[in-house]
Amino acid sequence: MTKKIIFLVLLSAATYSNTLFNSFIWDEVDIIKEDVYTKSAKYIPYLFSPTYWQKDFPVTTDETRIYRPLWILTFLMDYKLWGFNPLGWHLTNIILYIICAVTLYLFLFFIFKNNFVPFLSTIIFIVYPAHVEAVAWMKNRSNILCCIFCLLSFIFFVKNANPPPNNPLISKYPSILISVLCFMLALLSKEVAVALPIILVLYVYLFVNDKKNLYFYTIPYFIIALLFSLFMLKNKALSEAALGISPFASFRALGEYTKIMLFPFWLCIERILDFSVSIVISFFIFGCLIYFYKAKAKDKLFFLLWFLVSLMPVLNVSFVSSRPIAEHRLFIPSVGFCVVLGIYAGKLWHQQYFKIIFYAVISIMCIFSFNRNFVWKDTLSLWQNALKQGCETERVYTNLAVGFEEKNMLDKAMASYTLALKYSANPKSISKIYTNIAILYEKSNQLKESVEYLKKAFMENPDYLFAHKLLARIYEKQGLYKDALVELQNILAKNKNDFDAYNTIGVIYAKEGDLENAKKFYEKALEVFPDFKECLVNLGMLHYWQKKYDLAIDCFKKARDIDKNYLDALNKLAITYDTIGEKEKAVKIFKDITYKFLDYIPAHFNLVEIYTKDKKYFEALAELKLILSIEPENKTAIKKELEIKEILKNEQR
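Just so you know, we're using my numbering here: the sequence shown kicks off at 687 and counts up by one.
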């Protein structure tokens, strides 16, 4: 068994090793980088609060609300371990996938009481191309976590079903408690775990002799699933639409998911559905069920039912209308499908040439999955691939534009947004596209055009708060402070806890010279969100201007403690030390910055100023040389270099 587990670990790692070099993509940027509450352990209780998921989770919309606190906790852990280095985040996904594969193998060992079919089934599961979206896309680790805990829950339930004859009660109750706990953790990872109690009942019905007692032990699972669903409904993490089933739509969705499992070599982030084909394939699945039932093939029947039952939570395509079909939703259902294939592989194993065929197919799937990982390299490559496959939709062109924007290809981004508008009929989507176009104009310093597009956005969706924030920012840049304040006050009227709005109001008052009001709004922002590092720096600068240097240093240190690589805070802390005469501390901080972040120009210039004041001209010239190696056309550095060289010439005379 040990050798088999080592092989499974190596196969999992090899299949997804190239994802280590992928970047953050699509909405991962919002979820991972922009979520301020996943940067400090003190916010862990808040991450379990429904308020966080309703208001502060970065991608919450009226159509899509979730509650997955255990999943989001792994992001906090990754941030503490890796910062914003995507390699570390991808490594976590690979490790979780390895754990999932090993857990699946052990789970199947408990079911089949041998190594053979579990080993073949797990190999198929590991290399199955349909899993790429769940592993290469970091945010989809919720599927992997949920699968791990569902399998662990099942393992301990099976142990409970077959306790040792000597001490049945002693072994039974701890097992059932651990199983229930794992089920709860699965629910906190992803809500699709609600299907597990039904799967447990099917297992008891098909495989357990003492059915009466085991049915009784499934009751806690159903109670927990019911309470969890009621909790989700109460806190609007689950809409009433999720409970309404459209049989025809669900039947078509089942066919589409089955098609992906049967033909896993046509994969795409965006799917244009062929419902006629999907319906035919749905009949195929139900035909297999009838065949397995009549043939009394309990193992194949159970795992095909696993596939169907675990798909049930995502078959209501009206509930997941933002993306009706998504490959990552197949992760847990695919367990059943892969095991059915593994059972057939086990039966055919000793047939002539079958081993060669099996290893050839596994190799092809492994290579295909490995190559598919490259598609997930970055946002641009992902959506270019979707476009190549003929998927021309509003989402494809919008995200293609985001990819171009990330590469600073603003003209191509603008063209993609224009195409996205042609495919969009939803006012909220159109409003977002107009806002994104406004951002492009802002980046090009075409503020007038940016304002025009924001006004178009408001015509489609007057309540789009992000667009109002952007308009306030542009008004601030234009010096239209009164207009900016009106926008920001409107934002606060709708969300009194918008700490970013408080901070921006503080910035405007500071620019107008009203430092008391600026201080008041900075403090309001920090009252709502104490770890707002940008606001701490703003408040620190306000104290600096008022010559309250101790208070300024305290603010800069707090910002530094929140993010040890926050260069603006470090730079201003060093400037303050220099101002109060603690030059050694200032120089040390500036040197630390330039050592870790060679291309951070402000720290180099600050060292130049200190060296020049101390008449350390050669040290100053060395810093200027570094600046010019980074920015050869930097006029300030060129001018300063000439001035110092002139001073040295005069001294030599």
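Think of the CB as a built atom: it goes at the ideal place given N, C-alpha and C, for glycine as much as any other residue. Only a predicted model underlies this, so the values are computations on that prediction, with no experimental measurement involved.
Whole angstroms is fine: what's the gap from E819's alpha carbon to G774's?
If you draw a straight line from the Cα of E819 to the Cα of G774, it comes to about 18 Å.
Span of the alpha helix (DSSP H), counted from its first residue to its last, around Q1070
For Q1070, the enclosing alpha helix (DSSP H) starts and ends at 1065-1074.
Close-in-space but distant-in-sequence residues of the same chain around L855 (CB under 7 Å, 5 per side omitted):
Caution applies to L855, whose pLDDT of 42 falls short of 50 and renders its modelled position unreliable; the value that the coordinates give is listed next. Take L855, set aside five residues on each side of it, and no residue of its chain has a beta-carbon closer than 7 Å to its own.
Is it buried or exposed, N895, if we count other Cβ atoms within 10 angstroms and call 16 or more buried?
With fewer than 16 neighbouring CB atoms inside 10 Å of its own CB, N895 falls in the exposed class.
Return the chain-ordered list of same chain residues with a C-beta closer than 7 Å to the C-beta of E1013, the five sequence neighbours on each side being excluded.
Counting only Cβ-Cβ distances below 7 Å, and skipping sequence neighbours, we find A816, E819, I946, L953.
Euclidean distance between Cα positions of I1316 and I1279
Pairing I1316 with I1279, the inter-Cα distance amounts to about 15 Å.
If you count every other CB in all the chains shown that lies within 10 Å of the CB of H1036, and 16 or more means buried, which is it?
Around the beta carbon of H1036, a 10 Å sphere encloses fewer than 16 other beta carbons of the protein chains shown; the residue is thus reported as exposed.
Where G1165 and A1153 are concerned, what is the direct C-alpha to C-alpha distance, given to the nearest angstrom?
If I take the Cα positions, the gap works out to 18 Å.
Close-in-space but distant-in-sequence residues of the same chain around I691 (CB under 7 Å, 5 per side omitted)
Apart from sequence neighbours up to five positions away, the residues of its chain that approach I691 with a beta-carbon distance below 7 Å are V788, Y791, ordered along the chain.
With a 10 Å radius around its C-beta and 16 neighbouring C-beta atoms as the bar for buried, classify W757 as buried or exposed.
Burial of W757 is indicated by the presence of at least 16 other C-beta atoms within 10 angstroms of its C-beta.
Local conformation of H1036 per DSSP, three classes:
Three-state result, H1036: coil.
Which one of F1304, K1269, V821, L987 has the shortest CA to CA distance from F1017?
Among F1304, K1269, V821, L987, the Cα nearest to that of F1017 belongs to V821.
For G1192, the first and last residue of its enclosing alpha helix (DSSP H):
Segment 1185-1197, the alpha helix (DSSP H) holding G1192.
Which whole runs of the alpha helix (DSSP H) in the region 1265-1290 are 4 residues long or more, in chain order?
Segments of the alpha helix (DSSP H) lying fully in the region 1265-1290: 1269-1282.
Extent of the continuous alpha helix (DSSP H) run through H1154:
1151-1163 is the span of the alpha helix (DSSP H), which, as asked, contains H1154.
Hey, F1185 and F1215 are a contact pair by Cβ (cut 8 Å); roughly how many whole angstroms apart?
At roughly 4 Å, the Cβ-Cβ gap stays under 8 Å, so F1185 and F1215 are in contact.
Let's see if you can read the secondary structure: which residues bound the alpha helix (DSSP H) around R1081?
Unbroken alpha helix (DSSP H) run through R1081: 1080-1092.
Beta carbon of I1194 nearer than 9 Å to that of L1174:
Cβ distance < 9 Å, so I1194 and L1174 count as in contact.
P731 to L759, Cα distance in whole Å?
In this structure, the CA atom of P731 is about 10 Å from the CA atom of L759.
If you measure between the beta carbons of E1091 and I1119, is that distance less than 9 Å?
No. Outside cutoff.
Alpha-carbon spacing of S915 relative to L886, whole angstroms:
The straight-line gap separating the alpha-carbon atoms of S915 and L886 is approximately 18 Å.
Which residues bound the alpha helix (DSSP H) around M1100?
M1100 -> alpha helix (DSSP H) spans 1096-1108.
Quick check: the Cα distance between E720 and A1260, rounded to an integer number of angstroms?
Cα to Cα, the separation comes out at about 27 Å.
Test item: CB-CB of Y889 and I862 under 9 Å
No.
Alpha carbon to alpha carbon, how far is L873 from F805?
Looking at the two C-alpha atoms, the distance is approximately 27 Å.
Enclosing alpha helix (DSSP H) for S1145 [first to last residue]:
In the sequence on display, residue 1145 carries Met and not Ser. From DSSP, the alpha helix (DSSP H) with M1145 extends over 1133-1146.
Quick check on R1009: does DSSP put it in helix, strand or coil?
In the three-state reduction of the DSSP assignment, R1009 falls in the coil class.
Same chain only: Cβ atoms within 7 Å of V1348, ignoring 5 sequence neighbours per side:
Residue 1348 lies beyond the stretch modelled for the chain, which goes from 687 to 1339, so this question has no answer here.
So, with DSSP's three-state summary, where would you put M1051?
Helix.
Enclosing alpha helix (DSSP H) for E877 [first to last residue]:
Premise fails: E877 is in no alpha helix (DSSP H) and is neither H nor E.
For I718 and S925, the rounded distance between their alpha carbons
For S925, the predicted structure reports a pLDDT of 47, less than 50, and the residue's modelled location is therefore unreliable. The matter cannot be settled from this model.
Which of the three DSSP states, helix, strand or coil, is assigned to I910?
Three-state DSSP puts I910 in a helix.
If we count Cβ pairs, one from each stretch, closer than 8 Å, do we get three or more for the region 692-707 versus the region 807-816?
Three or more beta-carbon pairs drawn from the region 692-707 and the region 807-816 are found closer than 8 Å, and the two stretches are therefore classed as touching.
Exposed or buried, T1190, counting other C-beta atoms within 10 Å across all chains shown (16 or more means buried)?
Residue burial is scored here from C-beta neighbours: T1190 has at least 16 other C-beta atoms within 10 angstroms and is therefore classed as buried.
At least 3 beta-carbon pairs within less than 8 Å: the region 1054-1062 vs the region 695-713
Using a C-beta cut-off of 8 Å, the region 1054-1062 makes contact with the region 695-713, since at least three inter-stretch Cβ pairs fall below that distance.
Just checking my contact of L1237 with L1222 at CB under 8 Å: how many whole Å lie between their CB atoms?
Incorrect: roughly 11 Å between the Cβ atoms, too far for contact.
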